[in-house]
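Residue numbers (this note's numbering): 2 to 366.
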């Protein structure tokens, strides 16, 4: 692939860059086998804080979205988009905010923060951007905008039906004739519950499942969906029990097994996973019980036994809320929060990753 920056180009620009920058470029890519690109979406932005990115491939290239503003939960937080033009990322553009509209008139006073965008490119159709608006995760509601030109322009915001939030953090997946959205609710008393939502007509009508588990047994939110042989589905969930939770479905996501834990430590932070072209599964998560560093990549053949593949970030700080997709060339594309200041992007060739067993929940080496 030639449409994104590669390490080879460092040699071409060597006479024009300083030793410090060169060292940084090599640190970001050359010492991490399998990492083809590791870069920030932008150098400067009109907001100091950002979080909760999402990424999708369109026929015109990659598109990312995230929320940005003065700080998470503040009224000035909106949804921002960056697009890849084949060589670089575009500057962030705000495409949605929480300004209330009544009778076609925007309110000068009433505005709420935006949260957790999720992109989905419909085959031969629009690019969908789901997000949440509201004062907090307990009271927020689901929103949707659409783009017919792969993220350049967007439709007017649509509010989802009451009780429907859309995909809460991670990407939806196509299941038969519908879009299956991994969702969850956060209620008072840290009453967290996972459920699945289904739309057969790209967000116009909806149904939803019951909660997957009683929060007294397993408090979980923000599931991500994996496909398995014979039509089985698996969700991996953020949990409050120090380990990632899982559940299984054999009826296209209508009903789910009781939640159980998998043998990976977890600090109660966002995760994401994806099926790869080679049949394996790739998971991005924080391999720790406390904090949000390191940020790690693991691989699995069955979704339960995971092997260490790559530490994306290891220094102190917050590296969190990853999003991951797999493109037709077999590469994984990851975005994540970097210290709440920027969004970082990585392109990975899974075939070049050297995996090692994770024994007793400990990352090797």
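Backbone N, C-alpha and C fix where the C-beta goes; we use that ideal spot for every residue, glycine too.
When C-alpha distances from residue 67 are compared across 77, 246, 83, the shortest belongs to 83. Check the Cα spacing between residue 102 and each of 317, 95, 113, 94: the tightest is with 113. Distance from the CA atom of residue 170 to the CA atom of residue 223, rounded to whole angstroms, is 6 Å. Put simply, the backbone Cα of residue 35 is about 11 Å away from that of residue 356. Spatial neighbours of residue 167 in its own chain (CB-CB distance under 6 Å, excluding positions within 5 residues in sequence) are listed in chain order as 131, 143, 161, 182. Collapsing the DSSP output to three states places residue 232 in a helix. It is roughly 15 Å from the alpha-carbon of residue 157 to the alpha-carbon of residue 133.
Membership of residue 94 in the beta strand (DSSP E) is indicated by the continuous run 94-97. In this chain, residue 45 is not harboured by any beta strand (DSSP E), its DSSP state being neither H nor E.
If you check the CB distance, residue 80 and residue 118 come in under 7 Å.
Judged by DSSP secondary structure, residue 196 falls within the beta strand (DSSP E) whose first and last residues are 192-200. By the CB criterion at 7 Å, residue 311 and residue 274 fall outside the cutoff. Looking from the CA of residue 61, the closest CA among 44, 110, 108, 153 belongs to 153. Residue 325 and residue 314 have their C-alpha atoms roughly 15 Å apart. The Cβ atoms of residue 294 and residue 318 sit closer than 7 Å to each other.
Where residue 306 is concerned, there is no enclosing beta strand (DSSP E), because DSSP gives it neither an H nor an E. A Cβ-Cβ separation of about 19 Å leaves residue 249 out of contact with residue 216 under the 8 Å criterion.
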